[in-house]
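Notes follow once the structure below has been shown.
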Amino acid sequence: MSRYKKMFQKLSFLKEGCFVPFVVIGDPSLEMSLKIIETLIENGADALELGIPFSDPLADGPIIQKASLRALYKKNTFLQCFELIENIRNKYLHLPIGILLYANLVYNYGIKNFYYQCFRSGLDSVLIADIPIEEYEPFYKIANQYNINSIFICPPDADDSLLSKISLYAKGYIYLLSRPGVTGIEKKTISLSNIFIEKIKKYNSLPLLQGFGIENPTQIQKSILSGTNGVICGSAIIDIIEKNLNKEKKMINEIKNFTSKLKKATKFVQS
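Read the sequence shown against numbering that gives the first Met the number 0 and you will find it ends at 270, with the numbers running on by one and no gaps.
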């Protein structure tokens, strides 16, 4: 049984939602990145989604774009990112760990070499943000060879055709977008309707995680009440990093408190 499946089963038994934080590896440095990730895990993260820094992150808003630039400025290599993932895997054997990155990085490393590296590092899933599902087949075949789950993004206006395609390929969980556009903290973040959630569930029984704009307990509770299995939170955490770049202790304390608060919000009730 995959780590994702075990994790979702455990949370269902406990009647909790899933809390998945997202940060960019190497932001603001590899050393601090490791401390931040361990703080997230020790304070409630049920799984991780980690970004591989890239110069042109099309799906990301200004906050995550700046995080990628800070990491790239340090000139950390692609393999150093995987070394950090391997360190986390060796310490947290049962934690599901996924990465989000862009196609150029995969092509540059070679598709087969890339997924082999994912396997060696103990990764559970890969989300390639700029590959349309219609062009995913070459990645999907090799990902399956190495038992790496392929994660797909589902927008709130997905039609039957897209939902059908996602149902054919998705593994691990489905990443539901709160709204069209890029990542970021915006007031126009919307709640997904129960009707839309039920429609997705007719196509696939995989767990559903809502991302884009998640920044407070109220949003998390609304998401779970609408029928999702939990949330992914990135920009709000990275915003704490950005505001405390030269105040390491304060940064870690704020991330600790924020993570605990959001995880607590997943425990209120699960429909």
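All C-beta atoms in this analysis are idealised placements derived from N, C-alpha and C, irrespective of residue type, glycine included. Values in this document were obtained by computation on a predicted structure and should not be read as measured data.
- Closer than 8 angstroms by C-beta to K198: which residues in its own chain qualify, once you throw out the five before and the five after it? Chain order, please. L162
- Closest to S28 by CA distance: which of N86, I240, Y168 and A264 is it? I240
- V19 to Q209 span [Cα, whole Å]: 10 angstroms
- Decide yes or no for the touch test of the region 75-88 against the region 254-265: beta carbon pairs closer than 8 angstroms, at least 3 of them. no
- Message: Does E30 come out as helix, strand or coil in the three-state DSSP assignment?
- Response: helix
- Which of the three DSSP states, helix, strand or coil, is assigned to S204? coil
- Message: For G16 and E41, what's the separation of their Cα atoms in angstroms?
- Response: 17 angstroms
- Count the other CB atoms, across all protein chains shown, that sit within 10 Å of the CB of S225; report buried if there are 16 or more and exposed otherwise. buried
- Message: If contact is defined by three or more beta carbon pairs under 8 angstroms, each pair taking one atom from either stretch, is the region 46-59 in contact with the region 98-108?
- Response: yes
- Would P206 be called buried (16 or more neighbouring beta carbons within 10 Å of its own) or exposed? buried
- Task: Within the same chain, show all residues whose beta-carbon is closer than 8 angstroms to that of K9, passing over the 5 residues directly before and after it, in chain order.
- Result: none
- Message: With a threshold of 6 angstroms on Cβ separation, who are the neighbours of S222 within its own chain once the five nearest residues in sequence on each side are excluded?
- Response: Q209 and V230
- Query: So what's F118 in DSSP terms, helix, strand or just coil?
  - Reply: helix
- Message: Distance check for K248 and K111, CA to CA, integer angstroms please.
- Response: 40 angstroms
- Message: According to DSSP, is Y174 part of a helix, a strand, or is it coil?
- Response: strand
- Message: For I24, tell me which candidate among M6, R119 and F77 has the shortest Cα-Cα distance.
- Response: F77
- Task: Pull up the distance between the alpha-carbon of D215 and that of S190, whole angstroms please.
- Result: Note that residue 215 corresponds to Asn in the displayed sequence, not to Asp. About 13 angstroms.
- Item | The alpha helix (DSSP H) enclosing L10, as first and last residue numbers | R2 to L13
- Message: Within 10 Å of its beta-carbon, does E30 have 16 or more other beta-carbons around it, so buried, or fewer, so exposed?
- Response: exposed
- Task: Taking only runs that begin and end inside the region 50-99, name each unbroken beta strand (DSSP E) of 3 or more residues, in chain order.
- Result: none
- Alpha-carbon spacing of D26 relative to N86, whole angstroms: 16 angstroms
- Query: Under a Cβ-count criterion, where at least 16 other Cβ atoms within 10 Å of its own Cβ denotes burial, should D156 be classed as buried or exposed?
  - Reply: exposed
- Task: Please classify N272: does DSSP put it in a helix, a strand, or coil?
- Result: Given that the chain is displayed from residue 0 to residue 270, the structure contains no residue 272 and the question cannot be resolved.
- Message: I need the boundaries of the alpha helix (DSSP H) containing L126, first residue and last residue.
- Response: Note, L126: premise wrong, no alpha helix (DSSP H); beta strand (DSSP E) at S124 to I127.
- Buried or exposed (CB count within 10 angstroms, at least 16 for buried), N75: buried
- Message: Just verifying my parser: in three-state terms, what is the DSSP assignment at F211?
- Response: coil
- Message: On a Cα-Cα basis, can you pick out the residue from T265, K164 and M6 that is closest to I213?
- Response: T265
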